[in-house]
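Chemist: Structure below; questions to follow.
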Amino acid sequence: MTRKVVGILGGMGPEATILLQQRLLSTVRATDDADHLPLLIDMNPQVPSRIAHLIEGTGPDPVPVLVEMAQRLQTAGATALAMPCNTAHHYAPQISAAVSIPLLNMVEIAVERAARIAAAGDRIGILASPAVRLAGVFDGALERADLAPLWPENADRMLGAIRSIKANGATVQAQQVLADAAHELVGAGARMLLVACSEFSLLTPALSAGVPVIDTIDVLADAIHHHTLTQPS
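Note that the sequence shown ends on residue 255 in our numbering; no numbers are left out.
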């Protein structure tokens with residue numbers, strides 16, 4: 023069977039890109055190497071900081087680098103693109119406009135999955151970088167699905183945990199920040215939680231919330247699996 027190849031805009035951060043590969047592996051029943059799914063990965067940790075650009079207003083625009091990566095992956099044979107960074111989806115329109123292959127939009131797909139579980143008007147707790155909120159990354163998709171976002175009150179604590187994970191990995195302290203935020207959101211009326219930061223995705227397996235939890239990295243892994251194995255019509 024001919025398999026399509028998804029190109030990954032990676033390095034944001036590197037561990038999150040590796041995590042996506044691990045989650046993708048878990049979607050496959052394999053008895054041999056050939057059963058696994060091919061990927062093209064542009065692991066580029068030098069993509070300009072999305073936090074510096076969107077929150078601090080001090081860093082360069084990541085768009086030129088992201089566009090170059092997307093075009094390089096398309097030239098190498100990718101039939102679709104994926105990007106395991108929620109914040110970088112702020113730049114999805116510019117990336118999509120620069121190539122002729124689809125971007126498997128993690129934000130849109132995650133909200134579509136949430137809408138299949140949630141009821142109209144439900145409040146969805148978002149565990150993400152403050153940059154995701156400031157840039158309105160999920161606003162349009164949630165509004166179209168008739169869902170309302172809830173955010174943790176202490177944005178600085180969330181950002182600190184993300185920076186700690188980037189530097190030190192999945193620490194007990196970072197896990198506590200995520201658990202506290204989840205408890206806060208459920209207490210405020212969230213009927214579901216959306217893990218919308220790929221650093222926080224490293225902590226998701228230990229998260230206990232009492233409500234359904236959707237991890238955008240899992241959603242993206244499923245979308246890559248489906249694209250790769252779907253035959254052209």
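Beta carbons are placed, not taken as given, at the ideal position from N, Cα and C, and that holds for glycine.
#1: For G32, which residues does DSSP report across the bridge?
#2: Name the one or two DSSP bridge partners that P171 has.
#3: Opposite D237 in the DSSP bridges: which residues?
#4: One question on the structure: do T109 and V154 come within less than 8 Å of each other, judged by their Cβ atoms?
#5: Which same chain residues, not among the five before or five after P36, have their C-beta less than 7 Å away from its C-beta?
#6: In the DSSP assignment, find the unbroken beta strand (DSSP E) run with A104 in it and report its ends.
#7: Would you grab the beta carbon distance between L242 and P106 for me? Rounded to a whole angstrom, and I think it's under 8 Å.
#8: Give me the residue from L46, E175, A196 and L103 with the minimum Cα distance to V121.
#9: According to DSSP, L59 sits in a beta bridge with which residue or residues?
#10: So S118 is in the alpha helix (DSSP H); what residue range does that whole segment cover?
#11: With DSSP as the reference, label L242 as helix, strand or coil.
#12: Going by DSSP, what residues sit across from L13 in a beta bridge?
#13: Whose C-alpha, out of V194, R145 and R166, is nearest the C-alpha of E206?
#14: For V85, decide whether its Cβ has a neighbour in chain C, counting only Cβ atoms nearer than 8 Å.
#15: Got a sec? Which residues, its chain only, sit under 6 Å from L181 by beta carbon, not counting five neighbours each side?
Modeler: Considering the structure as presented:
#1: M65
#2: I146
#3: V217
#4: yes
#5: M65 and P67
#6: A102 to A104
#7: 6 Å
#8: L103
#9: Bridge partners of L59: none, in fact.
#10: A114 to A119
#11: helix
#12: With the chain represented from 23 up to 255, any question about residue 13 goes unanswered, as that position is not in the structure.
#13: R145
#14: The structure shown contains no chain C; it holds only a single protein chain.
#15: P152
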